[in-house]
Structures are given as C-alpha cells and as structure tokens.
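Visitor: Questions regarding the structure given below will be posed in turn.
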Amino acid sequence: MSQIVTVGGGPVGAAFAIAAAIRLPQVNVAMIERGAAPFVPIVPIVPTDGDTFDHRVYALSPTSIALLEAVDVWRRIAPERLTPVTAISVWSDADNRAANLPKIHFDQGAPLAVIVEHRAIVAALYEVLTESRVERLMNVSVDAMHSVGRQRHLSLSNGRLIKADIVVAADGRQSQTRELAGIDVSLKDYDSVGIIANFHTQHPHGNVARQWFTPEGILAYLPLPSGQISIVWSVGSQFAKSLPDWVSTDFVEAVAHAGKRTLGRLTLASPVEAVPLKRSLANRCVAPSLALIGDAAHAVHPMAGQGVNLGFGDIRILVDTLANRSAFAGLGDEALLRRYARGRAEATVAISEATDCLHTLFSRNDIVSKWVRRDGFGIFDWAKPIKRLATDFAVRA
Numbered sequence: 011m012s013q014i015v016t017v018g019g020g021p022v023g024a025a026f027a028i029a030a031a032i033r034l035p036q037v038n039v040a041m042i043e044r045g046a047a048p049f050v051p052i053v054p055i056v057p058t059d060g061d062t063f064d065h066r067v068y069a070l071s072p073t074s075i076a077l078l079e080a081v082d083v084w085r086r087i088a089p090e091r092l093t094p095v096t097a098i099s100v101w102s103d104a105d106n107r108a109a110n111l112p113k114i115h116f117d118q119g120a121p122l123a124v125i126v127e128h129r130a131i132v133a134a135l136y137e138v139l140t141e142s143r144v145e146r147l148m149n150v151s152v153d154a155m156h157s158v159g160r161q162r163h164l165s166l167s168n169g170r171l172i173k174a175d176i177v178v179a180a181d182g183r184q185s186q187t188r189e190l191a192g193i194d195v196s197l198k199d200y201d202s203v204g205i206i207a208n209f210h211t212q213h214p215h216g217n218v219a220r221q222w223f224t225p226e227g228i229l230a231y232l233p234l235p236s237g238q239i240s241i242v243w244s245v246g247s248q249f250a251k252s253l254p255d256w257v258s259t260d261f262v263e264a265v266a267h268a269g270k271r272t273l274g275r276l277t278l279a280s281p282v283e284a285v286p287l288k289r290s291l292a293n294r295c296v297a298p299s300l301a302l303i304g305d306a307a308h309a310v311h312p313m314a315g316q317g318v319n320l321g322f323g324d325i326r327i328l329v330d331t332l333a334n335r336s337a338f339a340g341l342g343d344e345a346l347l348r349r350y351a352r353g354r355a356e357a358t359v360a361i362s363e364a365t366d367c368l369h370t371l372f373s374r375n376d377i378v379s380k381w382v383r384r385d386g387f388g389i390f391d392w393a394k395p396i397k398r399l400a401t402d403f404a405v406r407a
C-alpha cells in the first residue's frame, strides 16, 4: 500500500494528514511531530468574563472554515470561543497628525472571517486525529532523508526507517525537511517584530477588526469573546526597544494610544510576545516525492492575517491533486505535483507581494508614499468594484 508521510503536526500539518486519510482511503498516512501531543479537553471550554484566551489567534476565511468542516474539526470548537468578524476598518495615518484619518471599510453582509485561538483549533484537530487512521509519531524528528527510486526514505530519531511515496513538509518556516531536500529559500528580513497580546476593552468591539497603518508600524485589533481583543503590532526593531516594559501600564497606554483609543481603556489580559518578522519563500515547493505546504513553502508578513489561510489553501489543492490523479500516476510523480504548485502560485505570489509592498509603503516617508497613504486610501474605498474584488480574494485565499 502507498504511503504518505507528513512532517509537522501544527494546524496545517495535522489538517493535511486528516484530509489525506479521508480523501485517499487506499493510502497509509503517517504524521511526524517533534513535540508531544497537546492536551485535548474532554468537554468544550466555555469562556467567562475573566477568562484568558490564547494570544496566538487566526482569522480564518470562509474557505478555510469549509475545509475544517469537511474534516469534522470545526464542530468540535466551542462556539463560545469563536468570534465572527462582520466588518474590517482600516485607517492610514500618513503624518500622524491628521484629524480625520483616511479609512477603508470592508463589509459584505456576512462574516469576512472568524477569529479562533491556536490552542482551540489544535485541540480540535488532535481530537479528530485520535479517532482517525492516521499513524501519529510524536516526540520524533527526521534525522535524514534520502531519495531511493520513486520514494523518500526517512531516518527518524527513534531509530525507525519509514519509506514514503510522498513526503509533505509542513514543519514551518525553518523547515528541516525543506533543508534536507536541498531547497533554497528567498529571505527578506523586515527588521521588525510582531508584538502580540490580548486585552480587555472598555467599549464593545462590535465584532469589527480594526487596523492602523502608521509610520511607527501596523497595529491590528482582532475581536475576541467576552469583551476582549487580540492585537498584532508590527513595529521596527528599534521602536520596539523604545516601548515601555510590557507588563507596565505605560505599555498598555501606548497600545491604546496607537489605536486612537477607539475601544476606550485597555487592560492587559495575556502574556506579551514579540516575534521577528521575516518573509520566507521556498524557491520551489515541489520535487520528486516531496511537496511543501504552509510556512515551509511560504511565510509572509502577518499584516494580512493570511498565513494559515494560505496553508489551508495548500491542503485543499494538494489533496485534490493527489485524489484525482490518473491510475498511471504515482503519488510522488513530479509532473503531478507541479499541478499543485501551479494551483497555488497565484495566491502565494499575490499575498506575498501585496504585504511586502504595503510594508515598504509604510516604511517610507517620501512625498509619493505619503500621498498614497493619505489620498490613496480614500480612492480605494470609493472604488467599490476594486474593493469588492480585494475582499473576495482575501476570503478565498
């Protein structure tokens, strides 16, 4: 029987393993994860006003949610831990002195995305994994990988040798599997960090996601249940060092000020974490008997919130490609896998280049950049068909 091996047990790797096991019933599926299995709650966790949410959250598009529904994951996340985003408001502050900030408002009459915590989605995925036929190899890493005929042979840290007709690398932006395959990446260091944390708010967020583009950085407020928000504040490394201590009231005040006090007084509700921001694009995402998905293939700037959605889009296209192959094609045939690569090229390039251009635009202070940040936002908001196309692309990426 043919064998698929997924390396990486995060949200993208776990979801791929489940989807492959469902769509390819005649193929063995194994998942290798270097860490331990997460704790899976027996009953749904219902939030209270004083609850602390995971500060790592995802803004899942309708297409990503449809994928999770198809693999029986979505229903296992307690509805009380989900927050639909009914609108997105984006402001540009070109000179940090404008009384009326240029603004774009996205609203299509249905949720544009749903905010879900990392730990909630991982717990639901592993609950499904325990019921599936996927072989889970936890606390195991890949020490070596060799091409033998039409297969990849993986030497594991537990001494086992596993033979795969196709290896699917889902082990993140610093993918060891990608490195073992000799696939180079194009890196761009933004010399910035993403500061993430959760806050209680004085005023209701109204299920609206808010984002500010300023010369100091890009700040996003994402709505959570129980009157809380999760923030992602992308700022230059030097500016981050100038911020007050993260557990201080001065830091909370800095976050509230950067968000124009839109939601009133803020109170810190989680740990604060800073993640270095880099763009990482694999020079190719397929090779004989190998496919890269998720951050192993493309790690983009978080400003668009599309990272995990891109990964779930990879799953959809790759599983369809493998399931619909001809009787004469092997799982790892490079010609077959190139179909997957072509199917994902448009979304990956579009989102990667768009976020990169926006980051560059708001890092510069020349006259043209300032005009685009000020007047360009108003023009974009006025051009309804263009804005609708941008919204449609974002929710299906």
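All residue numbers for the sequence shown refer to the numbering used here, where the first residue is 11 and numbers rise by one. From the three backbone atoms N, C-alpha and C, an ideal C-beta is built for every residue, glycine too. Please read these numbers as outputs of a predicted model, since none were measured by experiment.
1. Does the distance from the C-beta atom of residue 411 to that of residue 252 stay below 7 Å?
2. Under 8 Å: do the segment 331-339 and the segment 163-174 share three or more Cβ pairs, one atom per stretch?
3. With H, G and I counted as helix, E and B as strand and the rest as coil, what does DSSP make of residue 85?
4. From residue 84 to residue 281, what does the alpha carbon distance come to, in whole angstroms?
5. Need the endpoints of the alpha helix (DSSP H) that residue 131 sits in, please.
6. Only counting the same chain, and skipping five residues up and downstream in sequence, which positions put a Cβ closer than 8 Å to that of residue 221?
7. Okay, do the segment 131-142 and the segment 257-271 touch, 3+ Cβ pairs below 8 Å being the bar?
8. Buried or exposed for residue 233, going by 16 or more other Cβ atoms inside 10 Å?
9. Near residue 37, what residues of its chain come up, given a Cβ to Cβ distance below 6 Å and the 5 sequence neighbours on each side ignored?
10. With H, G and I counted as helix, E and B as strand and the rest as coil, what does DSSP make of residue 146?
11. Per the DSSP calculation, residue 240 is bridged to which residue(s)?
12. Straight-line CA distance for residue 127 to residue 285?
13. Could you check the C-alpha separation between residue 307 and residue 291 for me, to the nearest Å?
14. Quick one: measure Cβ to Cβ for residue 239 and residue 267, integer angstroms, because I've assumed they're closer than 8 Å.
15. Which of the three DSSP states is assigned to residue 291 in this structure?
16. Give a yes or no on whether the C-beta atoms belonging to residue 155 and residue 190 are separated by under 7 Å.
17. Confirm, please, whether the CB-CB distance from residue 325 to residue 26 is below 7 Å.
18. In three-state DSSP terms, what is residue 193?
19. Can you give me the Cβ contacts of residue 254 inside the same chain, cut-off strictly under 7 Å, excluding the 5 residues immediately before and after it?
20. Which same chain residues, not among the five before or five after residue 151, have their C-beta less than 6 Å away from its C-beta?
21. Take residue 278 as the anchor and find which of 211, 293 and 29 has the nearest alpha-carbon.
22. Among 34, 271 and 63, which residue has its Cα nearest to the Cα of residue 142?
23. Going by CA-CA distance only, name the one from 40, 131 and 93 that's closest to residue 77.
24. Below 7 Å CB to CB, which residues in the same chain sit around residue 338 once its five sequence neighbours on both sides are set aside?
25. Report the rounded CA-to-CA distance for residue 8 versus residue 200, giving the unit in angstroms.
26. Suppose contacts are defined by Cβ-Cβ distances below 7 Å. Is residue 198 in contact with residue 289 by that definition?
27. State the CB to CB distance for the pair residue 303 and residue 133, rounded to an integer number of angstroms; the pair is presumed to be in contact (CB under 8 Å).
28. Let me know the secondary structure DSSP gives residue 308 once reduced to three states.
29. According to DSSP, residue 256 sits in a beta bridge with which residue or residues?
30. Using 10 angstroms around the beta-carbon of residue 22, count the other beta-carbons present and answer buried if the total reaches 16, otherwise exposed.
31. Between residue 66 and the rest of its own chain, which residues show a CB-CB distance below 6 Å, the 5 nearest in sequence each way excluded?
32. Output needed for residue 283: all residues of its chain with C-beta closer than 6 Å, excluding positions within five of it in sequence on either side, in chain order.
33. Based on Cα-Cα distance, which residue from 236, 123 and 223 lies nearest to residue 213?
34. Over what stretch of residues does the beta strand (DSSP E) that includes residue 172 continue unbroken?
35. Roughly how many angstroms lie between the CA atoms of residue 223 and residue 247, to the nearest whole one?
Guide: Taking the structure as given:
1. Lying before the first or after the last residue shown, residue 411 is absent from the chain, which here runs from 11 to 407.
2. Between the segment 331-339 and the segment 163-174 there are fewer than three inter-stretch CB-CB distances shorter than 8 Å, so the stretches are not counted as touching.
3. Residue 85 sits at position 75 when you count from the first residue of the sequence shown. The answer is helix: DSSP assigns residue 85 an H, G or I state.
4. Translated into positions along the sequence shown, residue 84 becomes position 74. Translated into positions along the sequence shown, residue 281 becomes position 271. In a straight line, the C-alpha of residue 84 is about 27 Å away from that of residue 281.
5. As a first step, residue 131 is located in the sequence shown; it is residue number 121 there, counting from the start. According to the DSSP assignment, residue 131 belongs to the alpha helix (DSSP H) that extends over 128-141.
6. Taking the first residue of the sequence shown as position 1, residue 221 is located at position 211. Counting only residues of its own chain and dropping the five nearest sequence neighbours on each side, residue 221 has a CB closer than 8 Å to the CB of 98, 99, 100, 101, 228, 229, 230, 231 and 313.
7. The segment 131-142 vs the segment 257-271: no contact.
8. One-based indexing of the sequence shown puts residue 233 at position 223. Buried: at least 16 other Cβ atoms inside 10 Å.
9. Here residue 37 corresponds to residue number 27 of the sequence shown, with the count starting at 1. The answer, listed in chain order, is 12 and 14.
10. Within the sequence shown, numbered from 1, the residue matching residue 146 stands at position 136. Reduced to three states, the DSSP call for residue 146 is strand.
11. As a first step, residue 240 is located in the sequence shown; it is residue number 230 there, counting from the start. Looking at the DSSP assignment, residue 240 forms a beta bridge with 208 and 232.
12. The residue labelled residue 127 in the question sits at position 117 within the sequence shown. The residue labelled residue 285 in the question sits at position 275 within the sequence shown. Cα-Cα distance, rounded: 17 Å.
13. For this step, residue 307 is matched to residue 297 along the sequence shown. For this step, residue 291 is matched to residue 281 along the sequence shown. Their Cα atoms are separated by approximately 6 Å.
14. Within the sequence shown, residue 239 is the residue found at index 229, counting from 1. Within the sequence shown, residue 267 is the residue found at index 257, counting from 1. With a Cβ gap of about 15 Å, residue 239 and residue 267 do not count as contacting.
15. Against the sequence shown, residue 291 aligns to sequence position 281. Three-state DSSP puts residue 291 in a strand.
16. Translated into positions along the sequence shown, residue 155 becomes position 145. Translated into positions along the sequence shown, residue 190 becomes position 180. Against a cut-off of 7 Å, the Cβ pair of residue 190 and residue 155 comes out as a contact.
17. Along the sequence shown, read from residue 1 onward, the residue named residue 26 stands at position 16. Along the sequence shown, read from residue 1 onward, the residue named residue 325 stands at position 315. Result yes, Cβ atoms of residue 26 and residue 325 sit closer than 7 Å.
18. Position 183 of the sequence shown holds residue 193. DSSP places residue 193 in coil when its eight states are reduced to three.
19. Sequence index remark: in the sequence shown, residue 254 carries index 244 (1-based). Around residue 254: 260, 261 and 264.
20. To locate residue 151, count along the sequence shown from 1; it is residue 141. The beta carbon of residue 151 sits closer than 6 Å to those of 44 and 167, all from its chain and outside the five residues before and after it, given in chain order.
21. Taking the sequence shown and counting its residues from 1, one reaches residue 278 at position 268. For residue 278, the nearest C-alpha among the options comes from 211.
22. Position 132 of the sequence shown holds residue 142. Of 34, 271 and 63, the residue nearest in Cα terms is 34.
23. Taking the first residue of the sequence shown as position 1, residue 77 is located at position 67. Ranked by Cα distance from residue 77, the first of 40, 131 and 93 is 131.
24. Taking the first residue of the sequence shown as 1, we reach residue 338 at position 328. The answer is none, since no qualifying residue turns up.
25. There is simply no residue 8 to check, as the chain begins at 11 and stops at 407 in what is shown.
26. If you number the sequence shown from 1, residue 198 lands on position 188. If you number the sequence shown from 1, residue 289 lands on position 279. Yes, they are a contact pair.
27. Within the sequence shown, the letter at position 293 stands for residue 303. Within the sequence shown, the letter at position 123 stands for residue 133. Contact doesn't hold; Cβ gap of about 21 Å is too wide.
28. Against the sequence shown, residue 308 aligns to sequence position 298. Strand at residue 308.
29. Sequence index remark: in the sequence shown, residue 256 carries index 246 (1-based). Residue 256 is not bridged by DSSP to any residue.
30. Position 12 of the sequence shown, counted from the start, is the residue given in the question as residue 22. Residue 22 comes out buried.
31. Mapped onto the sequence shown, residue 66 falls at position 56. Result list for residue 66: 128, in chain order.
32. Stepping through the sequence shown from its first residue, residue 283 is reached at position 273. Closer than 6 Å at Cβ, skipping near neighbours: 206.
33. As a position in the sequence shown, residue 213 is number 203, starting the count at 1. With distances taken between CA atoms, residue 213 lies nearest to 236 out of 236, 123 and 223.
34. Here residue 172 corresponds to residue number 162 of the sequence shown, with the count starting at 1. Per DSSP, residue 172 belongs to the beta strand (DSSP E) from 171-174.
35. Position 213 of the sequence shown holds residue 223. Position 237 of the sequence shown holds residue 247. One Cα belongs to residue 223, the other to residue 247, and the distance between them is close to 17 Å.
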